[in-house]
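Visitor: Once you've had a glance at the structure underneath, I'll fire off some questions.
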């Protein structure tokens, strides 16, 4: 660990999962998708439905590392008026009712840079954000946001990938805190899925380099895989599958059905069931 | 801004030109970006790499391209003496081959077996498909669906050359989306694939590497101008989308204080309409496609679509070195509208018998604005970076003619 004091919610949650003897479910949704009001209802019900950690996507017009499902969700949110201010407002409203479930903001650097790094860190911290995942900020650009974020008391969660070899891993892990997000496939979100054996091997490799909890994502779609992956790693991340469920629900004018909020919560409940058997 | 003794030393080791540039990519790509940098550094130190490149540029691409005195346009404007650097005479019809040849030789050194590229106007796509045919490597070119529509001749040329042209419908279906899609492909195929980026942008080392491959333009111009006039040019003019032809012309002259430089951005329907592609004139610094640079973006940092009649300039960003040269004041960045470019396109066709691409037509539009007021001994060199065959359908439509 870096030794930097942070909100502690992420560490506490992983410790609790460990004590309960089970892996965790991390859900990813894009903030404001399909619209602010519907999303707020989805967000507020996620912990009760079984999400152990929540990743909130910060919408971006050009999500280079994401597949079609998450690209589309970003555009839907933006078209519905999402911006950084509203994303942070969602976190505040969530925190007003839930003091324990960690929230990690995930996205790309430009909207943060545009908002102003210092202002962003202050506002994110006070809204109740616990960690950041910024896809296009590798360790080579740590001075931009990672180091200031750690100093501001936010976790900076880094992606490790199959191309991150043993030689590079220490560089990637150096300023990582909260947990390590292992991207289990070469590619973009929501396309391929990884073989369980490969993931197991990769997680073991990561464990040789770090004591941080490890979450595995990219390509995880079913309750079965969630449980499988979380038996070797500390948590499974499901994103594109949930986001796609939103897309499938919308009518031709992009409006959600009355049942969407419940449908997402039921889906999350099902995904998490395997972890609580 | 720090006062520099030289404008030619960038980027630093981290790939920064002042605050611009850098390596803003996903971790999956990072090891590969470092490998490209290492391979490129090694190639630069290996004389056989440059020798092989020079040989292909000379015997395959047809370099050096001539420096041509445009007598009739000079007389027409009645002021400065106008020269064209004839990079439109290169094989494939633009300056793009200078860079694709360099990068494919590098890809071969790295034992990569598959090539991807993005393209806007299709010139870079054609130049990439060409070198892939030459070296028998499979080639996938990402091109916005909107651009495919307006650049049909180049799409067909790429397919004739054996490339797969993938239409990109995500986002707005233009160059920036094509670049997103190429990056997505690269992330999924890092081990086999080399990404030939077409402009002096993207993550380090691409901006420096593309600039160096394109600097052949400026280096030749320098020699040719000395031979023709016995001195350096007074002004250099080039159009700017990402800015590879401009940086190629400018870079060798950056430390010659008497040489003024003008980068001409696409003003589309006019800067004041908001429908343009002038990142420096109408944008602000941000991070996209691996580098920090000036971008067209809204208050929330969302990228705004560019607009230009020229598909090759239709990009909401610009190479990071241009952003730095803009802030340091060494290069002047100006703009020309669609209408001004169209007028220059027709003027050049009729007065010089050269049908220019719509991209350099923007540069010529700027020349036409200033040449008349400059003294007759003022030497302007404009980079004629592409030929206009590909644009005849777009121009016909703009002029209300059916062909």
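Residue numbers (the working numbering), protein chains in the order written: chain A, 25 to 301; chain B, 2 to 404.
All C-beta atoms in this analysis are idealised placements derived from N, C-alpha and C, irrespective of residue type, glycine included.
#1: Expressed to the nearest angstrom, what Euclidean distance is found between the alpha-carbon atoms of residue 253 (chain A) and residue 55 (chain B)?
#2: Determine contact between the stretch 386-401 of chain B and the stretch 353-365 of chain B, defined as no fewer than three beta-carbon pairs at a distance below 8 Å.
#3: According to DSSP, residue 52 (chain A) sits in a beta bridge with which residue or residues?
#4: For residue 241 (chain B), write down the residues that DSSP places opposite it in a beta bridge.
#5: List, from N- to C-terminal side, the beta strand (DSSP E) runs of 3 residues or more that fit wholly inside the stretch 7-36 of chain B.
#6: Between residue 61 (chain B) and residue 132 (chain B), what straight-line distance do the alpha-carbon atoms span, to the nearest angstrom?
#7: Is it a yes or a no for the stretch 248-263 of chain B touching the stretch 213-232 of chain B, going by three-plus beta-carbon pairs under 8 Å?
#8: In the DSSP assignment, find the unbroken beta strand (DSSP E) run with residue 74 (chain B) in it and report its ends.
#9: From the beta carbon of residue 222 (chain A), is the nearest beta carbon of chain B less than 8 Å away?
#10: Leaving aside the five residues before and after residue 139 (chain A) along the sequence, list all residues of the same chain whose C-beta is less than 6 Å from its C-beta, in chain order.
#11: Taking only beta-carbon atoms, is residue 281 (chain A) less than 8 Å away from chain B?
#12: Does the beta-carbon distance from residue 156 (chain A) to residue 115 (chain A) come in below 8 Å?
#13: Mind checking which residues open and close the beta strand (DSSP E) that includes residue 260 (chain B)?
#14: In chain order, what residues of the same chain lie with their CB nearer than 8 Å to the CB of residue 154 (chain A), ignoring the 5 residues before and after it?
#15: Show which residues of chain A have a CB atom less than 8 Å away from the CB atom of residue 177 (chain B).
#16: For residue 165 (chain A), which residues in chain B fall below 8 Å Cβ to Cβ?
#17: Restricting to Cα atoms, I'd like to know which of A:223, A:271 and A:163 is closest to residue 198 (chain A).
#18: Could you tell me which residues DSSP puts in a beta bridge with residue 129 (chain A)?
#19: Name the chain A residues that come within less than 8 Å of residue 337 (chain B), Cβ to Cβ?
#20: What are the start and end residues of each continuous beta strand (DSSP E) run of 3 or more residues lying completely inside the stretch 172-245 of chain A, in chain order?
#21: Based on DSSP bridge pairs, tell me the residues matched to residue 164 (chain A).
#22: Quick check: residue 106 (chain A) and residue 55 (chain A), are their CB atoms within less than 8 Å of each other?
#23: Quick check: the Cα distance between residue 305 (chain B) and residue 75 (chain A), rounded to an integer number of angstroms?
#24: Starting from residue 162 (chain A), find everything on chain B with Cβ-Cβ shorter than 7 Å and list it in chain order.
#25: Looking at C-alpha atoms only, which residue of B:205, B:115, B:203 and B:330 is the closest neighbour of residue 165 (chain B)?
#26: So residue 171 (chain B) contacts chain A; which residues on that side make the cut at Cβ distance below 8 Å?
#27: Considering just the uninterrupted stretch of the beta strand (DSSP E) at residue 202 (chain B), what are its terminal residues?
#28: Could you tell me which whole beta strand (DSSP E) segments of length 3 or greater appear in the stretch 158-233 of chain B?
#29: For the beta strand (DSSP E) holding residue 338 (chain B), just list the boundary residues, first then last.
#30: Is the shortest distance between the beta-carbon of residue 189 (chain A) and the beta-carbons of chain B less than 8 Å?
#31: Can a CB atom of chain A be found closer than 8 Å to the CB of residue 39 (chain B)?
#32: Can the beta-carbon of residue 103 (chain B) be found less than 8 Å from the beta-carbon of residue 134 (chain B)?
#33: Does residue 185 (chain B) come within less than 8 Å of chain A when only Cβ atoms are used?
#34: Restricting to Cα atoms, I'd like to know which of A:214, A:205 and A:247 is closest to residue 236 (chain A).
#35: Determine, for residue 289 (chain B), whether the minimum Cβ-Cβ distance to residues of chain A falls below 8 Å.
#36: Can residue 202 (chain B) and residue 290 (chain B) be called in contact, C-beta distance under 8 Å?
Guide: In this structure, then:
#1: Stepping through the first chain from its first residue, residue 253 (chain A) is reached at position 229. Stepping through the second chain from its first residue, residue 55 (chain B) is reached at position 54. The straight-line gap from Cα to Cα measures roughly 53 Å.
#2: yes
#3: Numbered from its first residue, the first chain carries residue 52 (chain A) at position 28. In DSSP, residue 52 (chain A) forms a bridge with A:79.
#4: Locating residue 241 (chain B) in the second chain gives position 240, where the first residue counts as 1. The partner list for residue 241 (chain B) (beta bridge, DSSP) reads B:266.
#5: Scanning the stretch 7-36 of chain B for uninterrupted beta strand (DSSP E) segments of 3 residues or longer gives 21-25, listed from N- to C-terminal end.
#6: The residue you call residue 61 (chain B) lines up with position 60 of the second chain. The residue you call residue 132 (chain B) lines up with position 131 of the second chain. Whole-angstrom Cα-Cα distance: 10 Å.
#7: yes
#8: Translated into the one-based positions of the second chain, residue 74 (chain B) becomes position 73. No beta strand (DSSP E) contains residue 74 (chain B), which is instead part of the alpha helix (DSSP H) from 72-78.
#9: Position 198 of the first chain, counting from 1, holds the residue named residue 222 (chain A). By this cut-off, residue 222 (chain A) is not an interface position.
#10: Mapped onto the first chain, residue 139 (chain A) falls at position 115. Result list for residue 139 (chain A): 108, in chain order.
#11: One-based indexing of the first chain puts residue 281 (chain A) at position 257. Under the 8 Å criterion on CB atoms, residue 281 (chain A) is classed as non-interfacial with respect to chain B.
#12: As a first step, residue 156 (chain A) must be located in the first chain, where it is residue number 132. As a first step, residue 115 (chain A) must be located in the first chain, where it is residue number 91. Going by C-beta atoms, residue 156 (chain A) is not nearer than 8 Å to residue 115 (chain A).
#13: Here residue 260 (chain B) refers to the residue found at position 259 when the second chain is read from its first residue. Neither: residue 260 (chain B) is in no beta strand (DSSP E) and is coded neither H nor E.
#14: For this step, residue 154 (chain A) is matched to residue 130 along the first chain. Cβ within range, chain order: 30, 31, 33, 34, 126, 127, 128, 178, 179 and 202.
#15: For the purposes of this step, residue 177 (chain B) is identified with residue 176 of the second chain, where counting begins at 1. Result: 86.
#16: As a working mapping, residue 165 (chain A) is identified with position 141 in the first chain. 23, 24 and 25, listed in chain order.
#17: Translated into positions along the first chain, residue 198 (chain A) becomes position 174. That would be A:163, whose Cα lies nearest to the Cα of residue 198 (chain A).
#18: For this step, residue 129 (chain A) is matched to residue 105 along the first chain. For residue 129 (chain A), which the question treats as bridged, DSSP gives the partners A:80 and A:156.
#19: Here residue 337 (chain B) refers to the residue found at position 336 of the second chain. Ordered by position in chain A, no residue passes the 8 Å Cβ test against residue 337 (chain B), which lies about 27 Å from the chain.
#20: 182-184, 204-207 and 238-241
#21: As a working note, residue 164 (chain A) is residue 140 in the first chain. DSSP output for residue 164 (chain A) lists no bridge partner at all.
#22: Here residue 106 (chain A) is taken as the residue at index 82 of the first chain, counted from 1. Here residue 55 (chain A) is taken as the residue at index 31 of the first chain, counted from 1. A contact, by the Cβ cut-off of 8 Å.
#23: In the second chain, counting from the first residue as 1, residue 305 (chain B) sits at position 304. In the first chain, counting from the first residue as 1, residue 75 (chain A) sits at position 51. Inter-residue distance for residue 305 (chain B) and residue 75 (chain A) is about 35 Å (C-alpha atoms, whole angstroms).
#24: Locating residue 162 (chain A) in the first chain gives position 138, where the first residue counts as 1. Within chain B, the residues near residue 162 (chain A) are 24, 26, 28 and 31.
#25: Taking the second chain and counting its residues from 1, one reaches residue 165 (chain B) at position 164. Here the closest residue by C-alpha is B:115.
#26: Indexing the second chain from 1 puts residue 171 (chain B) at position 170. In chain order: 92 and 95.
#27: For this step, residue 202 (chain B) is matched to residue 201 along the second chain. That residue, residue 202 (chain B), is in no beta strand (DSSP E); it is neither H nor E in DSSP.
#28: 165-169 and 194-196
#29: For the purposes of this step, residue 338 (chain B) is identified with residue 337 of the second chain, where counting begins at 1. 333-338 is the extent of the beta strand (DSSP E) around residue 338 (chain B).
#30: As a first step, residue 189 (chain A) must be located in the first chain, where it is residue number 165. Yes, residue 189 (chain A) counts as interfacial toward chain B.
#31: Stepping through the second chain from its first residue, residue 39 (chain B) is reached at position 38. It does not; no Cβ of chain A falls within 8 Å.
#32: Start at 1 with the first residue of the second chain, and residue 103 (chain B) comes out as number 102. Start at 1 with the first residue of the second chain, and residue 134 (chain B) comes out as number 133. No, they are not a contact pair.
#33: Here residue 185 (chain B) refers to the residue found at position 184 of the second chain. At least one beta carbon of chain A lies nearer than 8 Å to the beta carbon of residue 185 (chain B).
#34: Translated into the one-based positions of the first chain, residue 236 (chain A) becomes position 212. Closest by alpha carbon: A:205.
#35: Within the second chain, residue 289 (chain B) is the residue found at index 288, counting from 1. So, interface residue.
#36: Position 201 of the second chain holds residue 202 (chain B). Position 289 of the second chain holds residue 290 (chain B). Going by C-beta atoms, residue 202 (chain B) is nearer than 8 Å to residue 290 (chain B).
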